[in-house]
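Under UniProt numbering, the residue at position 240 of the sequence shown is numbered 240, and the numbers go up by one with no gaps. Even glycine gets a Cβ: it sits at the ideal position worked out from N, Cα and C. Everything numeric in this text was worked out from a predicted model, so none of it was measured. To start, the structure under review is shown below, and the notes come after it.
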Amino acid sequence: MGQDPSPETSVRTLTDNKAEKPDPVLFLLHGRGGSGKTTLARYMIERAEQAGRPIIKGDLDRNNSTLAHYFKNEILQPATATDGDVEDCFQAVIGQQIETRQSAVVDFGGGDLTLRNIAFKVSLVDLCADCGIRPVLVHTLAPDRDHLTGLMALEKDGLFAPEATILALNGALIRNGQSQVRAFEDEIISHPDFKKALKRDARAVLLPILSNIHRLERDRLGFIQATKSTTLGPMDRHIVRRWLERMQEELSSVQDWLP
């Protein structure tokens, strides 16, 4: 049998050689519950911090604050689940960005209307420009047309449609027996609103499946941590390493938008 690859292999998959962006990124994850927002948020945070870029972390999920379980005292959370407190926490994230010039990753709850509600009050794109921050909006999508509701609501009349918009097709949400291409083509890619977003230069990416993610969640393991964990077997560690490599490959088309 071959030797289990070294942990350094996975560490390299999260790093990159790009120079620090002149403006910090406000990386916003938006979508329905269970669409992969928190997993992608965790990946982005680990990726940036492994490369030496500190990240402000916002868990604005008022019903299921999973992100906070992984980063505990490092995270900004609303004081209560009220709309006002969630909006205040969002403002606090931006305030820290202005003060520190660091990028931020913000995980919203499934179907949360905070971004829409704020966008009715103020142009978020203009607000970020005034603050010297680059907004990046990620819509996490399953192969189900109902998942386009949030995208359609924010894209309508340019309510909040920043230049840097990522349409993240989550391969983990495909039903058994379906091909990735067919599943998303029938339900998402062929939809007029998805096509309209692409036409204005939003970018689509396919998120690969991490088949053993339940083992990481059970032990609250980070992705890099999992590649070294003695609580996982060599096959599980290999699966995580390969997933990290595939994530880097799939996200290469949006590399210039990432924190």
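Outcome for residue i when other beta-carbon atoms lying within 10 angstroms are tallied against a minimum of 16
i	result
Ala202	buried
Asn212	buried
Thr165	buried
Gln97	buried
Ile239	buried
Arg241	buried
Glu155	buried
Val138	buried
Gly150	buried
Beta-carbon contacts of residue i that lie in its chain and below 7 Å, excluding the five residues immediately before and after
i	result
Met247	Tyr43, Pro208
Arg215	Leu232, Asp236
Gln77	Asp59, Ser65, Ala68, Cys89
Ser252	none
Three-state secondary structure (DSSP) of residue i
i	result
Thr9	In this predicted model, Thr9 has a pLDDT of only 45, less than 50, meaning its place in the structure is not dependable; the value taken from the coordinates is given anyway. Helix, per DSSP.
Phe27	strand
Leu113	coil
Arg134	strand
Ala197	helix
Gly171	helix
Ala104	strand
Arg32	coil
Ile239	helix
Val122	coil
Leu221	coil
Ala204	strand
Ile213	helix
Leu244	helix
Chain-order list of residues whose beta-carbon lies under 8 Å from that of residue i (same chain, five-residue window excluded)
i	result
Glu49	Ile55
Val11	Bear in mind that a pLDDT of 47 at Val11, under 50, signals an unreliable position, so the model cannot answer this.
Ser35	Gly110, Thr140, Leu141, Ala142, His147, Asn170, Leu173
Asp23	Gly132, Ile133, Arg134
Proximity of residue i and residue j at Cβ, strictly below 8 Å
i	j	result
Glu250	Val181	no
Ala104	Leu26	yes
Asp107	Lys37	yes
Asn40	Leu29	Note that residue 40 is Leu in the sequence shown here, rather than Asn. Contact: yes.
Glu185	Asp144	no
residue 307	Asp157	No statement about residue 307 is possible, as the shown extent of the chain runs from 1 to 259 and does not include it.
Nonlocal neighbours in the same chain, by C-beta distance under 6 Å from residue i, ignoring five residues either side
i	result
residue 342	Within the shown structure, residues of the chain are numbered from 1 to 259, placing residue 342 beyond reach of any answer.
Gly33	Gly110
Closer than 8 Å to chain C by CB, residue i
i	result
Ala51	The structure shown contains no chain C; it is built from a single protein chain.
Validate contact between the segment 167 to 180 and the segment 128 to 137 using beta carbons, cut 8 Å, 3 pairs: no
Segment contact flag, the segment 92 to 109 with the segment 52 to 71, C-beta cutoff 8 Å, min 3 pairs: yes
The segment 113 to 124 contacting the segment 66 to 77, beta-carbon criterion three pairs below 8 Å: no
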